[in-house]
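Note that our numbering has the sequence shown beginning at 1255, numbered continuously upward.
A virtual CB, placed ideally from N, CA and C, is assigned to each residue, including glycine.
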Amino acid sequence: MKKRVIWFLFLLLFIVHQDFWWWDDAFLIFDFLPIGLAFHAGFSIVCAILGWAAIKYAWPHDLERFAEENNDEENAI
(Lines of atoms letter the chains of each structure in order from A and count residues from 1; the text may use other names and numbers.)
(Lines give C-alpha, C1' and ligand atoms only; values in the text may rest on other atoms or scores of the structure.)
Protein backbone atom coordinates (compact mmCIF):
# COMPACT_ATOMS: atom_id res chain seq x y z
CA MET A 1 0.00 0.00 0.00
CA LYS A 2 2.72 2.48 0.94
CA LYS A 3 4.63 1.79 -2.26
CA ARG A 4 1.54 2.58 -4.32
CA VAL A 5 1.09 5.89 -2.52
CA ILE A 6 4.74 6.79 -3.14
CA TRP A 7 4.40 5.90 -6.83
CA PHE A 8 1.16 7.88 -7.10
CA LEU A 9 2.79 10.93 -5.53
CA PHE A 10 5.80 10.56 -7.84
CA LEU A 11 3.55 10.49 -10.92
CA LEU A 12 1.52 13.41 -9.59
CA LEU A 13 4.69 15.47 -9.09
CA PHE A 14 5.87 14.46 -12.56
CA ILE A 15 2.69 15.91 -14.05
CA VAL A 16 2.62 19.02 -11.83
CA HIS A 17 6.24 19.79 -12.74
CA GLN A 18 5.06 20.84 -16.20
CA ASP A 19 3.98 24.24 -14.88
CA PHE A 20 2.91 25.78 -18.17
CA TRP A 21 0.25 27.83 -16.38
CA TRP A 22 2.87 30.26 -14.96
CA TRP A 23 5.06 30.74 -18.02
CA ASP A 24 3.50 34.08 -18.95
CA ASP A 25 2.63 35.27 -15.43
CA ALA A 26 4.64 38.30 -14.27
CA PHE A 27 3.39 38.14 -10.66
CA LEU A 28 6.13 38.60 -8.07
CA ILE A 29 6.10 37.02 -4.62
CA PHE A 30 7.51 39.36 -1.93
CA ASP A 31 7.92 41.89 -4.78
CA PHE A 32 11.08 40.25 -6.14
CA LEU A 33 10.58 36.50 -6.69
CA PRO A 34 8.81 35.38 -9.88
CA ILE A 35 5.99 32.97 -9.16
CA GLY A 36 7.45 30.31 -11.46
CA LEU A 37 10.73 30.36 -9.55
CA ALA A 38 8.91 30.23 -6.20
CA PHE A 39 6.92 27.26 -7.49
CA HIS A 40 10.11 25.42 -8.42
CA ALA A 41 11.68 26.18 -5.04
CA GLY A 42 8.66 24.67 -3.30
CA PHE A 43 8.60 21.83 -5.79
CA SER A 44 12.22 20.98 -4.96
CA ILE A 45 11.41 20.83 -1.25
CA VAL A 46 8.41 18.57 -1.90
CA CYS A 47 10.59 16.29 -4.08
CA ALA A 48 13.15 16.03 -1.28
CA ILE A 49 10.40 15.07 1.18
CA LEU A 50 9.05 12.49 -1.27
CA GLY A 51 12.55 11.03 -1.67
CA TRP A 52 12.86 10.72 2.11
CA ALA A 53 9.42 9.08 2.32
CA ALA A 54 10.29 6.65 -0.48
CA ILE A 55 13.44 5.57 1.34
CA LYS A 56 11.69 5.32 4.71
CA TYR A 57 8.46 3.59 3.65
CA ALA A 58 9.03 1.93 0.26
CA TRP A 59 12.65 0.76 0.39
CA PRO A 60 13.03 -2.94 -0.55
CA HIS A 61 14.57 -4.16 2.72
CA ASP A 62 14.45 -7.80 1.60
CA LEU A 63 16.86 -7.04 -1.26
CA GLU A 64 19.14 -5.18 1.12
CA ARG A 65 19.21 -8.17 3.50
CA PHE A 66 19.89 -10.50 0.56
CA ALA A 67 22.86 -8.38 -0.53
CA GLU A 68 24.24 -8.23 3.00
CA GLU A 69 23.94 -12.02 3.42
CA ASN A 70 25.82 -12.63 0.17
CA ASN A 71 28.49 -10.14 1.20
CA ASP A 72 28.94 -11.89 4.57
CA GLU A 73 29.33 -15.28 2.84
CA GLU A 74 31.98 -13.90 0.48
CA ASN A 75 33.93 -12.38 3.36
CA ALA A 76 33.85 -15.69 5.27
CA ILE A 77 35.68 -17.55 2.50
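Let me confirm a value: I1260 is counted as buried when at least 16 other C-beta atoms fall within 10 Å, else exposed. Which label applies?
Under this definition I1260 is a buried residue.
Span of the alpha helix (DSSP H), counted from its first residue to its last, around H1294
1289–1312 is the span of the alpha helix (DSSP H), which, as asked, contains H1294.
Quick one: Cα of Q1272 to Cα of K1256, how far?
Rounded to whole angstroms, Q1272 and K1256 show a C-alpha spacing of 25 Å.
Is the beta carbon of L1304 less than 8 Å from the beta carbon of F1264?
Taking the C-beta atoms as reference points, F1264 is found nearer than 8 Å to L1304.
C-alpha distance - A1302 paired with W1276, whole-angstrom precision
Using only the alpha carbons, I get a separation of about 22 Å.
Delimiting residues of the alpha helix (DSSP H) encompassing W1275:
No alpha helix (DSSP H) holds W1275; DSSP gives it neither H nor E.
Could you compute how far the alpha carbon of F1281 sits from the alpha carbon of E1322?
Answer to the nearest angstrom: the Cα atoms are 53 Å apart.
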